[in-house]
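Participant: To start, I am sharing the structure in question, which I have written as structure tokens.
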Amino acid sequence: MTDIASQVSDLKRILPEFGYEALTAVHEKNAVVQQCEVDIILGEKKRKFPLFRPRRISTRMQPYWTRYCDRKLINTALKECDIFIFFWNTILPRYEDLELLKRNGKKIVFCFVGDDVRWYYGQKQEFNFYGFRETEYGENYDYSVKGLETCLNYLRHGEKYADVLFSRLDQAQIALRPYFRHHMMVDTKSIQPGPAQRKVKPVVVHAPTARNVKGSKYVIEVLEKLTAEGVDFEFILVENVPNHKAIEIFRNADIIIDQLLIPGTGKLSSESLAAGRVVMSHMAFADYPQNPGLDYPVIDVNPDTFYEKLKHIIGDLKLREEYSQRGRKFAEEVLDYRHFIKKMLSILSGEKLPYDYVPSFFREKFVPESEESVAVYNKYTQMVAGCDWYKENVKPGTRAELIF
152 MTDIASQVSD LKRILPEFGY EALTAVHEKN AVVQQCEVDI ILGEKKRKFP
202 LFRPRRISTR MQPYWTRYCD RKLINTALKE CDIFIFFWNT ILPRYEDLEL
252 LKRNGKKIVF CFVGDDVRWY YGQKQEFNFY GFRETEYGEN YDYSVKGLET
302 CLNYLRHGEK YADVLFSRLD QAQIALRPYF RHHMMVDTKS IQPGPAQRKV
352 KPVVVHAPTA RNVKGSKYVI EVLEKLTAEG VDFEFILVEN VPNHKAIEIF
402 RNADIIIDQL LIPGTGKLSS ESLAAGRVVM SHMAFADYPQ NPGLDYPVID
452 VNPDTFYEKL KHIIGDLKLR EEYSQRGRKF AEEVLDYRHF IKKMLSILSG
502 EKLPYDYVPS FFREKFVPES EESVAVYNKY TQMVAGCDWY KENVKPGTRA
552 ELIF
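Now the structure itself:
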């Protein structure tokens, strides 16, 4: 219900290749820079509520119109759809649609994609454990117990009702259910490889969606330092640019810088690898077991290593060419939507695949950030304690006032 990184729009375009017609809906367009080619934008329908006079009549009627729009969509989907794939949200308030879908025999897929399920205090503790720098969320983040409840409510509902669950290690600090690896997917057929790597003055691009989360201040500091040293390169900072224009910038760049704090990659990396660009991002290959069995062609950097590694790759044309060739191949063989769809359909058809991850940090190491938060954690653990996957994978007991 949220088109994170255009994944809903992309799936609508690609699912027909597998014989599935897709009905796509979002609550709102996520950002002006993204394509949002979906069938229904629910928020726009709700705003078409007719005005009555006196105004108090409209005020009283508005909630009924909102519920009508929600119910009309879910009733249409129940009639026309067999599989429901959720990103960031579901259709009805309080996730009431999940029980309804289960009762009607529908298949449910959840793709967790970041801060929808990533909780600051969980991430902070895990990053401290691994020796990573803290992610700088800033003053707009909701650090309160209310913020925790919002995060846990969505996470546990997904864990309880999903037939298939996709997520990532860097957002699973308070997760309980085993899951399959969610790659930030890309349609490699829609992105052609860019030109050969420049021999002189390579173009370096950084395109942060949120500067503090991506570690942009460290990126800019290093680029300014290299410029002062006379290192020959061109830097382009891409922000608030429509996606189709941004991809052309990525295709014509040589080196793409994704993020320096959270280990992993975003849509920027996936699109850039598909374009055959050199990608730099914090991966922590030696310490953080997020890519089992995968040889990710991404240069691993963090705020402490970024200067030396960027300076080296700018001057090493042969190494840049090697990464460029590996990147496109990896995108085609691992990151393309078609691999995700095949895997999802195989699991839904009954094929038993081993989980990519069984999360353990919350059960074994996490300590609640406050006395008030303990009750919230235990409330939502109890919500899923009767699930088969929970009984098979979560050891019963207590620790740090948490009850399992």
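For our numbering, add 151 to where a residue sits in the sequence shown, where the first one is 1. Positions of the beta carbon are idealized from the N, C-alpha and C atoms, including for glycine. Because the structure is a prediction, the values reported are computed rather than measured.
1) Select from 495, 492, 483 and 553 the residue whose C-alpha is nearest the C-alpha of residue 515.
2) Tell me the DSSP bridge mates of residue 236?
3) Measuring only the C-alpha atoms, how far is residue 330 from residue 322?
4) Going by DSSP, what residue range makes up the alpha helix (DSSP H) through residue 389?
5) Tell me which same chain residues have a C-beta within less than 7 Å of the C-beta of residue 274, skipping the five on either side of it?
6) Taking all protein chains shown into account, do 16 or more other C-beta atoms lie within 10 angstroms of the C-beta of residue 421, making it buried, or fewer, making it exposed?
7) Classify residue 481 as helix, strand or coil using the three-state DSSP reduction.
8) Would you call residue 166 buried or exposed, if buried means 16 or more other Cβ atoms sit within 10 Å of its Cβ?
9) Indicate whether residue 385 and residue 418 have their beta-carbon atoms separated by less than 7 Å.
10) For residue 535 and residue 528, which I take to be in contact (beta-carbon distance under 8 Å), what is that distance rounded to the nearest angstrom?
11) Can you give me the Cβ contacts of residue 234 inside the same chain, cut-off strictly under 6 Å, excluding the 5 residues immediately before and after it?
12) By how many angstroms is the C-alpha of residue 236 removed from the C-alpha of residue 577?
13) Determine the burial state of residue 308: buried for a count of at least 16 other Cβ atoms within 10 Å of its Cβ, exposed for fewer.
14) If we call anything under 7 Å between Cβ atoms a contact, is residue 336 one with residue 481?
15) Do you know offhand how far residue 255's Cα is from residue 538's?
16) Find the nearest neighbour of residue 191 within the set 318, 395, 202 and 223, judged by alpha-carbon distance.
17) Which of the three DSSP states, helix, strand or coil, is assigned to residue 395?
18) DSSP three-state call for residue 94: helix, strand or coil?
19) I need the straight-line Cα distance from residue 184 to residue 547, nearest angstrom please.
20) Are the CB atoms of residue 345 and residue 426 nearer to each other than 7 Å?
21) Between which two residues does the beta strand (DSSP E) harbouring residue 317 extend?
22) Okay, do the region 492–512 and the region 463–474 touch, 3+ Cβ pairs below 8 Å being the bar?
23) Here's the rule I'm using: 16 or more other beta-carbon atoms within 10 Å means buried, otherwise exposed. How should residue 445 be labelled?
24) Cβ atoms of residue 319 and residue 333: under 7 Å apart, would you say?
25) So residue 292 and residue 271 are in contact, right, with Cβ under 8 Å, and what is the actual spacing, rounded?
26) For residue 365, I'd like the list of residues in its chain whose CB is within less than 6 Å of its CB, leaving aside the five on either flank, ordered along the chain.
27) Just to confirm my understanding: we take residue 504, look at its own chain, exclude 5 residues before and 5 after, and list those with CB closer than 8 Å. What are they?
28) Sorted by chain position, which residues of the same chain lie with C-beta nearer than 6 Å to residue 289's C-beta, five sequence neighbours on each side aside?
29) According to the Cβ coordinates, are residue 264 and residue 238 closer than 7 Å?
30) If the criterion is Cβ atoms closer than 7 Å, does the pair residue 389 and residue 355 meet it?
31) Bridge partners for residue 406 per DSSP, in chain order?
32) Closest by CA to residue 157, which one among 177, 368 and 456?
Facilitator: According to the data block:
1) Ranking 495, 492, 483 and 553 by CA distance to the CA of residue 515 puts 553 first.
2) 260, per the DSSP bridge assignment.
3) Each residue's Cα considered, the two are about 12 Å apart.
4) No alpha helix (DSSP H) holds residue 389; DSSP gives it neither H nor E.
5) If we look at residue 274 and ignore the five residues flanking it on each side, its Cβ neighbours are 286 and 324.
6) Residue 421 is buried by the Cβ-count criterion.
7) In the structure shown, residue 481 adopts helical secondary structure according to DSSP, grouped into three states.
8) Buried: at least 16 other Cβ atoms inside 10 Å.
9) In this structure, residue 418 does not lie closer than 7 Å to residue 385 by Cβ.
10) In fact, because the Cβ distance is near 12 Å, the residues do not count as touching under 8 Å.
11) Only residues of its own chain outside the window of five on either side were considered, and among them 258 have a CB closer than 6 Å to the CB of residue 234, listed in chain order.
12) No information on residue 577 is available, as it lies outside the stretch 152 to 555 that the chain covers here.
13) Buried, because 16 or more other Cβ atoms sit within 10 Å of the Cβ of residue 308.
14) Not closer than 7 Å, so no.
15) For residue 255 and residue 538, the distance between alpha carbons rounds to 19 Å.
16) Comparing Cα positions, the closest option is 223.
17) It is helical.
18) An answer regarding residue 94 cannot be provided, because it is not within the stretch 152 to 555 covered by the chain.
19) Bear in mind that the predicted position of residue 184 carries a pLDDT of just 46, short of 50, making it too unreliable to give a figure here.
20) Against a cut-off of 7 Å, the Cβ pair of residue 426 and residue 345 comes out as a contact.
21) Boundaries of the beta strand (DSSP E) harbouring residue 317: 315–318, taken from the DSSP string.
22) Not touching, per the Cβ criterion.
23) Flag for residue 445 reads exposed.
24) Cβ distance < 7 Å, so residue 333 and residue 319 count as in contact.
25) A Cβ-Cβ distance of about 6 Å is found for the pair residue 292 and residue 271, placing them in contact under the 8 Å criterion.
26) Here the set comprises 359 and 410.
27) Cβ neighbours of residue 504 beyond the five flanking positions: 331, 494, 497 and 498.
28) So the qualifying residues of the chain are 363.
29) When the beta-carbon positions are compared, residue 264 and residue 238 come within less than 7 Å of each other.
30) No; because the gap between Cβ atoms is not below 7 Å, this pair is not in contact.
31) According to the DSSP secondary-structure assignment, residue 406 is paired through a beta bridge with 355 and 429.
32) Cα-wise, what sits closest to residue 157 is 177.
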